[in-house]
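Here's the structure, in structure tokens; my notes come after.
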Amino acid sequence: MTDAESFINKDYAYGFVTPVESDAAPRGLSENTIRFISQKKHEPVFMLEWRLAAYREWLKMKEPDWSSVRYPKIDYQDIIYYSAPKQKKDGPQSLADVDQEILKTYEKLGIPLEEQKLLAGVAVDAVFDSVSVATTYKAKLKEYGIIFCSFSEAVREHPELVKKYLGSVVPVKDNFFAALNSAVFSDGSFCYIPKGVRCPMELSTYFRINAMDTGQFERTLIVADEGSFVSYLEGCTAPIRDKNQLHAAVVELVAHEKASIKYSTVQNWYAGDREGKGGIYNFVTKRGLCQGAHSKISWTQVETGSAITWKYPSCILQGDHSIGEFYSVAVVNNHQQADTGTKMIHLGRHTKSTIISKGVSARFGKNTYRGLVKIVPRAEGSRNYTQCDSLLMGDRCSANTFPTIEVNNRTSRAEHEATTSRINEDQLFYCRQRGMSAENAISMIVHGFCKEVFKNLPMEFAVEAQRLMSVSLEGSVG
Amino acid sequence: MLEIKDLHVSVEGVEILKGIDLKVKAGEVHAIMGPNGSGKSTLTRVLAGHPSYVVTRGSATFEGKALFQMAIEERARQGVFLAFQYPIDIPGVNNAYFLKAAVNEMRKAKGLEELDAMEFLEFLKEKMKLVEMDESFLSRPVNEGFSGGEKKRNEILQLAALNPKLAILDETDSGLDIDALKIVSEGVNRLRNPDRSFILVTHYQRMLNYITPDHVHVLMGGKIVLSGDKDLAFKLEEKGYEWVREDQGPRIA
Amino acid sequence: MSKDRAMDPYLRAFEIVKKNASSQPVWLLRLREEAMATFTQKGFPTMKDEAWRYTDLAPILESSFDFDGAIPKLSLETLEGLKRNSGRNFLLVVNGKFSREHSFVEEGVEAMDLADAIVSRSDLLEPYLGRCLASGHDAFSALNTGLLKQGLYIRISDNLIVKEPIHIVSYVYAARARSVFQVRNFLAMGKKSKAAIVETHTAGSGESYFTNAVMEIVLEEGARMEHCKIQRENSDAFHIAMSHVVQRRESSFVSFALSTGARLMRNDCRVALTAEGASCELNGLYLGDKDQVLDHQTLVDHQKPDGKSDQFFKGLLAGNSRGVFHGQVMVRQDAQRTDAHQTHKSLLLSDAARVNAQPQLEILADDVKCSHGAAVGQLQEDAIFYLRARGIGEKEAGRMLAQGFAREVIERSSLGFMKETLLELVNEKLMQQLCSGKE
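Residue numbers (our numbering), protein chains in the order written: chain A, 1 to 478; chain B, 1 to 253; chain C, 1 to 439.
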């Protein structure tokens, strides 16, 4: 791989810090911290109780010990669980109330929040540290009956919906990090698409960690009522810091009969430096419930950032004829570790799932695909197709593929195929013979390798994802 | 334009080329012929810089510059083009994207403005007529699912688009039916000009029915054993390589 | 019965072994002690152990098994049956004990009771016995080593080409219910030697029993071994088997495991390619019906460059049977230019049959070509329809298609000499499967 030795290492472009004064909870976690958060957010009593119950469950749980992921112990008392930019009033009512520094930050990140500047057809909820600072196009969406707002607002304005769905897909006790999130989550996005409505624009949330030593614990809940459709995208970045920061989010999706949710993620949290110092621990629980017949949930993720990624966006295919999809690109460079994959739980009859996973490992990167396809006896006539491919660059990186297939009835089929190989020297030679630099040639070949996943991203973000991937692979060899 | 002196090349410790001398002037067309395993493909690939080949002795200069000092893409940008015998497919990368990237690299190297998507399409359409390619080619992944003939036409299209000074064609005629051979050959003929040289590597003489070479060389056992004009190709076709072997026996051994 | 109490009879048996230790080499006693320490520490696995997630050992652990010392006298008829197809090389093991009087081998093949070899071949055995795989003992193989009493020792000397296949028949007749038999085979193949081994596990109609088998194979430089294991224990039997294969430079190991018997089987085959250019091919075919659990585990550990491995397993499951396949390919950082492939395919023939597949790739080198594939499906309805439209009965159509499915793995394997025998056994079992499997 001397071909690629000329790669240069570019800096993480999103690594700046915004100078805003913040209003933070004291370091550490106790029932008081939770009361503090709940009070800050003016939450109704039910929410506080829910959080406290989760906290008590969390205390009983043990941090998991994962076979393929290594990281030093996290001190949960050394994290700041709530940090919000100081505000004049109780929360910004319009963009005019948002701190200019924050608006500038989003502009710098390529996400201007003034509606006229926005990409047409994309509504954004901007989450800065622990709070949502702005949600665009709210009024327009309201005309369709669509609720798209910060989670805090949803708790106050739509408690009946929150009560009904919160924790219904990812129960509090699901896992250590989900329990922690349930206790301390600070904000996130909430979205409800009423019956029969096709959401006229892309909805998106942009997460930004800014403050030092804070954990980010956001919560996203999307409910698509009968026959509705929504496409949702999340993006994430954080400043460069020497210390690892924890991000433990929970995302729940509910699709009712004939509803369809498309959820895309472009994850570019700070990944740490070339020596593996710093970076975000991205421990996320994402799960979708295809509750109604003929419902569909499709996850697409491009994971280029974070020091460690641990997430398995999954689908519970409860409704008959429901469909689950998972398209993933995970790129690890330097000392990054990614342990990602999906679970497709086929409960309903004639349910169908597709899994396409592409892993790219460079330098010391460690990439693991872990998946479960489970077809229960009742789920007659179900189908799964899985394709996992790994590309290796350099002899110190690794790629693991750990699928589990459980088929419990004889009318269902599951198929899994996986390959692992290194980047093809002949393809490199061909591209370079046509005048491309080794760097561009690799980038082009890797794009080709990931194409099946990129094509599932909304147009505007596919370009962004490709660009990100090139950046994250820079300096990959040498 | 190109001058090769006493070139020795090994692959995995086995010497394949055992002292090649060759001089190609601007505008000339050289045909290199030889039986299978004589080292023809090795010669083309080593000129392009394939990493599997090790130059153990000798040199090559291209327009006065040391060719073997240059990286693969540097040679390409200086104007050395290799039409591959077996063009590799690159799944997921579409042809137009690939070609645009390549053309713009060449333009950058020459200090020209890069073409945007629209300009490029205009530029390419014209070149495509040359090899009678249809636009649907552009949206297909590079070489993936192409027939043998389509791959070779694609190579000539790239040749036309990249506008090199020296074009090396490695068995471009192999696997082509007569119609495809005509199309490819006519493409090459139209691309001939006083500033551009060609090296045609071939096993058979049939391509030379369409493209008339200025010089013909016979490569056997890693050496050029015989050189002549276009008539040599006919002689070879008639008498076979055995004839050279007998005639030149002592020199090859 | 608790897990700990299930261990008691084995721990007691070890006390007796220790008492009689004076006649054994010191290294062996040390090895036994290490193994029993491992066993005591690990205990019997439960379904909470990742490696035993799908195989419930409760039936083995729910009451204790006894070591049945009695060696039955075989009738002439039984003996002839066991010898069938054996040719010039026949090694008989009855209830775990090598039967010298009924065994014979061609010239050059050294075969003896492992207990004798421990004395006479002590220096050769010491570095290998119980130490063939870096991953060490699991509870069952530890038990086998700790309580090792007898078994079979085979050595093929350097450059020897063994002309005919060596048939090793392990025959069990349990006079009392819940007897446990330990089978232990040690095979060493010298440099550039070549042999084919056919290992058959079978039983007379006796009571229920538990076979705990361990086999260690060492292939020196350039050695080539073909190995066929036929597991047709009786339908009340528990069969837990562990094979460790250590391969040196340029050696080749080709195996085929046909599993049709036992109520619960776990067949664990671990191959370590410890030097350059070693290659292995593992094939397997399992056919289950009734309440059978047939569990195959493989681990191919590529430690050095230029290794090749190919695994191909298929399963046919009828009745309430369950198939488990866990196949692991490990490519270590040193093992550049490795070529490793694995395929597992299974068909479910009844509503209650189940299968769990876990193909695993762990790749730490970059210049590799690795792939795995797993598929679970059923007989194609279109194909059945097509056959029926040509006048073939439904059951026969099913049988034909199932046989075709099974045949692929037999045809594909490099063990040509076993083809007919394997096909015959498969057909026999298929008839049972399709009759019992009317759900």
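Note that CB positions come from ideal geometry on N, CA and C, so glycine has one too.
Item: Cutoff 8 Å: A/C149 Cβ touching any chain C Cβ; Value: no
Item: Collapsed DSSP secondary structure at A/P19 in the structure displayed; Value: coil
Item: Per-residue DSSP class, three states only, for A/I375; Value: strand
Item: Selection of the stretch 351-370 of chain C by Cβ proximity to chain A, strictly under 7 Å; Value: D351, A353, R354, V355, N356, A357, Q358, P359, Q360, L361, E362, I363, L364, A365, D366, D367, V368, K369 and C370
Item: Whole-angstrom distance between A/S186 and A/L48, CA atom to CA atom; Value: 12 Å
Item: Environment of C/N20 [buried if 16+ CB atoms lie within 10 Å]; Value: exposed
Item: Chain B within 8 Å of A/E425, Cβ atoms only; Value: yes
Item: Residue-level contact to chain A via CB, B/E12, 8 Å cutoff; Value: no
Item: Local conformation of C/P9 per DSSP, three classes; Value: helix
Item: Alpha-carbon to alpha-carbon, B/K5 and A/V360; Value: 43 Å
Item: B/S41: first and last residue of the uninterrupted beta strand (DSSP E) it sits in; Value: Unbroken run through B/S41 is the alpha helix (DSSP H), K40 to A48; no beta strand (DSSP E).
Item: Contacting residues, own chain, Cβ-Cβ under 7 Å from B/P250 (five flanking each side not counted); Value: Confidence at B/P250 is low in this model, with a pLDDT of 49, below 50, so its placement is unreliable and the value that follows should be read with caution. Correct list: empty, nothing qualifies.
Item: Minimum C-alpha distance to B/Q78 - residue among A/V69, A/R432 and A/E226; Value: A/R432
Item: Cβ-Cβ separation, C/H102 to C/L79 (assumed contact under 8 Å), whole Å; Value: 6 Å
Item: Identity of the residue in A/K358, A/V302 and A/E153 nearest A/A462 by Cα; Value: A/V302
Item: CB contact check: A/G319 to chain B, cutoff 8 Å; Value: no
Item: Beta-carbon gap between C/Y173 and C/A139 smaller than 8 Å; Value: no
Item: Exposed unless 16 or more other CB atoms sit within 10 angstroms - verdict on A/S472; Value: buried
Item: 8 Å Cβ cutoff met for B/I211 and B/V188; Value: yes
Item: Cβ neighbour criterion (16 or more within 10 Å) applied to B/V216; Value: buried
Item: Identity of the residues DSSP links to B/A167 by a beta bridge; Value: B/F81 and B/F198
Item: Anticipated Cβ contact below 8 Å, C/Q292 with C/A262, distance rounded; Value: 7 Å
Item: Residues sharing a beta bridge with C/E199, DSSP; Value: C/I168 and C/K229
Item: Interface flag, B/G187 vs chain A, CB-CB below 8 Å; Value: no
Item: Interface residues of the stretch 410-444 of chain A facing chain B [CB-CB below 9 Å]; Value: N424, E425, D426, Q427, L428, F429, Y430, C431, R432, Q433, R434, G435, M436, S437, A438, N440, A441 and M444
Item: Chain C within 8 Å of A/F461, Cβ atoms only; Value: no
Item: N-terminal and C-terminal residue of the alpha helix (DSSP H) that A/F177 is part of; Value: F176 to V184
Item: Test: B/R77 CB closer than 8 Å to a CB of chain A; Value: yes
Item: Test: B/G34 CB closer than 8 Å to a CB of chain A; Value: no
Item: Close-in-space but distant-in-sequence residues of the same chain around C/S252 (CB under 6 Å, 5 per side omitted); Value: R224 and S279
Item: Selected residue, minimal CA-CA separation from C/V94, among C/I71, C/F312 and C/D116; Value: C/I71
Item: Reduced DSSP secondary structure (H/G/I, E/B, other) of C/K438; Value: Confidence in C/K438 is poor, its pLDDT being 45 and thus under 50, which makes the residue's placement too unreliable to answer from.
Item: Closest by C-alpha distance to C/D361, when choosing among C/L348, C/R399 and C/D339; Value: Checking the displayed sequence, the identity of residue 361 of chain C turns out to be Leu instead of Asp. Among C/L348, C/R399 and C/D339, the Cα nearest to that of C/L361 belongs to C/D339.
Item: Inter-residue spacing [alpha-carbon to alpha-carbon] between C/R121 and C/E106; Value: 20 Å
Item: Close-in-space but distant-in-sequence residues of the same chain around B/S59 (CB under 6 Å, 5 per side omitted); Value: K5
Item: Counterpart residues of C/A441 in DSSP-defined beta bridges; Value: One cannot answer for residue 441 of chain C here, as it falls past the ends of chain C, which runs 1 to 439.
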